[in-house]
Every structure is written in structure tokens, then in C-alpha cells.
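Here's the structure we're looking at; comments come further down.
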Amino acid sequence: MNIGIIGAGFTGLAAAHRLTKQGFEVTVFEGEDYPGGLAVGFTKKGWKWSLEKHYHHWFYSDFAIRKLAKETGHKYIYLPTKTSTFIKGTIYQLDSPQSLMLFDKLSLLDRIRTGLVLAFLKLTPFWKPLEKVTARRFLAKYNGEKTWDMLWRPLFEKKFSHFADQIPASWFWARIKKRSSSLGYPEGGFLKFATRLDALIRQNKGRILYKTRVEKITKVDSKLEVLTDKGRFEFDKVICTLPYASFANIVQDLPEPYSQRLLSFKGIGAVNLMLVLKREFLKNDIYWLNVSEENFPFLAVVEHTNFMDKRYYGGNHIIYVGNYLPQDHPFYSKEPRELFELFLPYLQKINPEFRQNWVMEANKFTAPFAQPIVPLNYSKIMPQIKTPIEGLFLTNIQQVYPWDRGTNYAVELGEKAANMVIQSR
Ligand SMILES: Cc1cc2nc3c(=O)[nH]c(=O)nc-3n(C[C@H](O)[C@H](O)[C@H](O)COP(=O)(O)OP(=O)(O)OC[C@H]3O[C@@H](n4cnc5c(N)ncnc54)[C@H](O)[C@@H]3O)c2cc1C
Numbered sequence: 001m002n003i004g005i006i007g008a009g010f011t012g013l014a015a016a017h018r019l020t021k022q023g024f025e026v027t028v029f030e031g032e033d034y035p036g037g038l039a040v041g042f043t044k045k046g047w048k049w050s051l052e053k054h055y056h057h058w059f060y061s062d063f064a065i066r067k068l069a070k071e072t073g074h075k076y077i078y079l080p081t082k083t084s085t086f087i088k089g090t091i092y093q094l095d096s097p098q099s100l101m102l103f104d105k106l107s108l109l110d111r112i113r114t115g116l117v118l119a120f121l122k123l124t125p126f127w128k129p130l131e132k133v134t135a136r137r138f139l140a141k142y143n144g145e146k147t148w149d150m151l152w153r154p155l156f157e158k159k160f161s162h163f164a165d166q167i168p169a170s171w172f173w174a175r176i177k178k179r180s181s182s183l184g185y186p187e188g189g190f191l192k193f194a195t196r197l198d199a200l201i202r203q204n205k206g207r208i209l210y211k212t213r214v215e216k217i218t219k220v221d222s223k224l225e226v227l228t229d230k231g232r233f234e235f236d237k238v239i240c241t242l243p244y245a246s247f248a249n250i251v252q253d254l255p256e257p258y259s260q261r262l263l264s265f266k267g268i269g270a271v272n273l274m275l276v277l278k279r280e281f282l283k284n285d286i287y288w289l290n291v292s293e294e295n296f297p298f299l300a301v302v303e304h305t306n307f308m309d310k311r312y313y314g315g316n317h318i319i320y321v322g323n324y325l326p327q328d329h330p331f332y333s334k335e336p337r338e339l340f341e342l343f344l345p346y347l348q349k350i351n352p353e354f355r356q357n358w359v360m361e362a363n364k365f366t367a368p369f370a371q372p373i374v375p376l377n378y379s380k381i382m383p384q385i386k387t388p389i390e391g392l393f394l395t396n397i398q399q400v401y402p403w404d405r406g407t408n409y410a411v412e413l414g415e416k417a418a419n420m421v422i423q424s425r
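Counted from 1, the sequence shown has number 358 at position 358 by UniProt numbering; the numbering is strictly sequential.
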């Protein structure tokens, strides 16, 4: 059986690894010239490890990707990390029941209500009732309007823009359920891990064609024809790992209602400013700082080198200033320096000592489809891996629900799609 896979992100790599290990003939098409997709990394002179364009870590319960790392002999590290929130001009460590109880911007009653809701979400496995209601309604009702306004609304608005009030409470459940204080990271960076998978796929006689963009997929008799900018290929089965809208745009002859349904699911993009600094920006070893301030132009500051040691990055400190924005937002077209100058006064509110001359380098990275927007009752309407076209499978970042996107679920779904292909023989 001859199988084509579109995309060498972690979904495509996991599927290709599984299939080639079992002896199937596999060709992976990747538009870029490197593996890793959204989790892709890059290196710089003087660095021992690669770094992701967008901050990445694993949660403790990311078992599928940990299993794949073990199976392929790739080491990983789990370390305790500190999460805090910048709110009303002060940094609060809000990552445990104790720290929440000390948060004096909320009344004692609101703190207790918030603590109980978070504990409930952490413990309950029953997410289905939560997809019927928006997170906004759920949190305002059970945490109180004041808590919603102060703690959650600014984060939802920055993460989801104009979709903020439409996100189901099941999304919030997944975020709370998954959170672990200790976070994981593949040794050498995500690029190194992706490169290892690439090497194993090739070792098992798989092909990965980089800089090869798939333009069209057509069913011709019992075969699937894949047209790329480098030529035409023919397969018995194809797994496509692109978002729904891209899939609908390249696959010919999809039934119209199915295609319209795929196109109805939205996503939001990401713009990340990555700064290489001479000095530490977030004190007290804070790794992740949520910015719950209405008028700030970013959502989070992530100090990667308060997670992984700075010696892997030439002894410098690395922060990401992270943002999720609609694809037509002006930040996408700004130069890194322009973005930095815009952010500087706000960064100085977080750390008043911060000076422009700490910055050795500024890079901007964008991803047009970074965060799926899931509607209410998504589990009932989510398009499945099997598509209406025989032999064509679709598995992507929008199908990891009820969980939120992540490389762990990419691996889980990639392997599931590979198994479905094998069973469909
Ligand atoms: C800002 C940000 C932060 C994140 N943080 C984390 C985190 O901390 N931990 C975590 O685990 N995950 C995180 N994620 C999510 C994670 O990166 C994704 O869930 C995962 O990488 C998705 O993998 P994928 O293979 O499904 O899709 P992708 O990574 O999107 O892979 C799809 C691949 O297809 C290629 N492609 C697209 N069109 C074509 C075409 N026409 N022809 C050929 N190739 C094509 C793309 O170049 C890409 O390589 C984050 C993502 C973002 C954007």
C-alpha cells in the first residue's frame, strides 16, 4: 500500500513514523524546508540547542508524545515551573489554591468561589455538559462577574479576540485539567526531536519531500492523485494534516455541504516577538506570565530561559512576548523593531528596570492558523478523520477536542489516522 501524507508537523511525522515502521511505502509532502510545523525551531550561532518560533512545552500528562520520545530514544526533561499573572500593575503568583487565597484584589468570597470552580474543573472528567455553555457564562455565573472581569475576561479577549464570548466552557475545562506545575521539553529542542523522527522515517525507507507544496488532491478511479508544485504523485491512501479550510481548498469534488461545514470552522493566528536579552526579564524564576491587563498589547511574556538553562543559548536570556490576533491585524506586517518599540513601555510596566540596551536581538514569528476556535457543542459536529472520499483521511489541530491544540495530541491523532489507514486495507 502506497500512502501519501500532507504536512511534516508532529501529526504527519507521527503518522509517517508509525506506517514506515510497519513497512508501508510512505511519502510525506512538506511546504517548508524543515520538519515540525507550528512547533518548528531554529538555531543561532553559539547556541547548543534549537529554540521554537513559538513557546512550547509539554504538560505532565502528555503521555502520547512522551511515549513516542521513549520509543525513538529521544530524551526529555521535566522541571517545576512558575506561572504568574500581571494584573492591576502587580505580578501575582496565581498557580495554586494557596496563592489564589492570598490574592487580595478579589473578596474572600470570590476567591473561595474561584478556588472551588477551579478544583471542580480539575477533578471532573465530565466535560460534555460544559460544551453546552460558554466559558464567559459559566465563569461569570460561578466565579462572579467581578472575577470574570478581572481575571478571565482580559485573557479570553487577548486569546480569542472577537470570539472571546463564544468559547465553550469545555475549552476552559481542558486548560485547567491539563495544567501541571512541572513542564516537559525534548532535549535539544522540538526541532531536534522532529529531525530525529525525520531520520527514522527515512531509515524505514519513507520519503519526506520538503519545499513541496500540495496544490490539489483528486480521486481518480481507485487512486488518489496528489498534485504538487514539483509534480504529480499517485497513492492508494492519503492522510492530510492541514486545517479544515486548507483541506477544503485543495481537495477536488468534496460534497458541497461537507466542504461548507469545513469552511465554517474558524481559527486565530499568532504573532510572537522573541527577544534575546543580556539580562533576565522576569524575576524570581517566573517562566510564564499571563498579562491580565485590558490595555496591554500582548497576552503573555514567557521567559524560556527560566525553564531551560541559558547555557544552551549562548548564555543569553530569551523571552517571548506572545499574542493571538485575527489574520488581518496590523502587527503581522510590523518589523520586529517596530513591534518591540510599541511593546517597550508595557514591558517596563512589568519590569521597571528593563532597558532597550538589554535587547541583543528581536525576532518576529507569525502563524496564520495558531488556535482553533471551537463552537458550542463541537463534539456533535466535529468532522471526523474519515472523509467522504474513499481512502482520504483528514487529521488536524482542529480535531484534538475536547483538548486544546498541542504536539501531544498531534502525535495521538497522527497515530490514530495511521491505524485507520492500516485497518482500511
Ligand atoms: C503560539 C503557539 C504556542 C503553542 N504552544 C504549544 C505548547 O506549549 N505545547 C504543545 O505541545 N503545543 C503547542 N502548540 C501547538 C502545537 O504546535 C500544534 O498543536 C502542533 O504542532 C500541530 O501539529 P500538526 O502537525 O497537526 O500541524 P502543523 O504543525 O500545523 O503542521 C502542518 C504542516 O503542514 C505544512 N503544510 C501546510 N500546507 C501545506 C501544503 N499545501 N503542502 C505541503 N505542506 C503543507 C505546514 O508547513 C506544516 O509543517 C502551540 C502552537 C502555537 C501556534
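The beta carbon of each residue, even a glycine, is placed where N, CA and C say it ideally should be.
In this structure Gly-89 is exposed. Its beta-carbon is surrounded by fewer than 16 other beta-carbon atoms within 10 angstroms. One alpha carbon belongs to Gly-184, the other to Phe-138, and they sit about 31 Å apart. Going by beta carbons, Arg-175 and Asp-404 fall inside the 8 Å limit.
DSSP places Gln-371 within a strand segment (E or B) once states are collapsed to three. Exclusion of Gly-206 from the 7 Å shell around ligand 1 follows from its C-beta lying no nearer than that to any non-hydrogen atom of the ligand.
Beta-bridge partners of Ala-362 (DSSP): Leu-275. For Asn-284, the three-state secondary structure derived from DSSP is coil.
In this chain, the alpha helix (DSSP H) harbouring Asn-419 covers 407-423. In the three-state reduction of the DSSP assignment, Tyr-378 falls in the helix class, which pools H, G and I. Shown here for Ile-239: same chain residues with a beta carbon closer than 6 Å to its own, the five before and five after excluded, namely Ile-5, Ala-15, Phe-393 and Ala-417 in chain order. In the structure shown, Lys-45 falls within a coil segment according to DSSP collapsed to helix, strand and coil. Secondary structure in the region 65-92: the beta strand (DSSP E) runs of 3 residues or longer, each lying completely within the stretch, are 76-80, 82-87 and 90-92 in chain order. Between the alpha carbons of Ser-379 and Phe-265 lies a distance of about 13 Å. Ligand 1 approaches Ile-6 closely enough that one of its heavy atoms is under 7 Å from the residue's Cβ. Under the DSSP assignment, Thr-114 falls outside any beta strand (DSSP E), being part of the alpha helix (DSSP H) whose first and last residues are 108-123. Following the DSSP letters along the chain, one finds Glu-25 inside the beta strand (DSSP E) bounded by residues 25-29. Around the beta carbon of Ile-112, fewer than 16 other beta carbons sit within 10 angstroms, so the residue counts as exposed. Runs of the beta strand (DSSP E) spanning 3 or more residues and lying entirely within the region 203-274 occur at 207-209, 214-220, 223-228, 231-235 and 237-240, in chain order.
Checking the 7 Å criterion, the Cβ of Tyr-312 is out of range of every heavy atom belonging to ligand 1. According to the DSSP secondary-structure assignment, Gly-322 is paired through a beta bridge with Asn-272 and Ala-300. Looking at the DSSP output, Val-291 sits in a beta bridge with Phe-86.
Relative to the non-hydrogen atoms of ligand 1, the Cβ of Trp-58 comes within a distance shorter than 7 Å of at least one. For Arg-153, same chain residues with a beta-carbon under 8 Å away, outside a window of 5 residues either side, are Arg-136 and Ala-164 in chain order.
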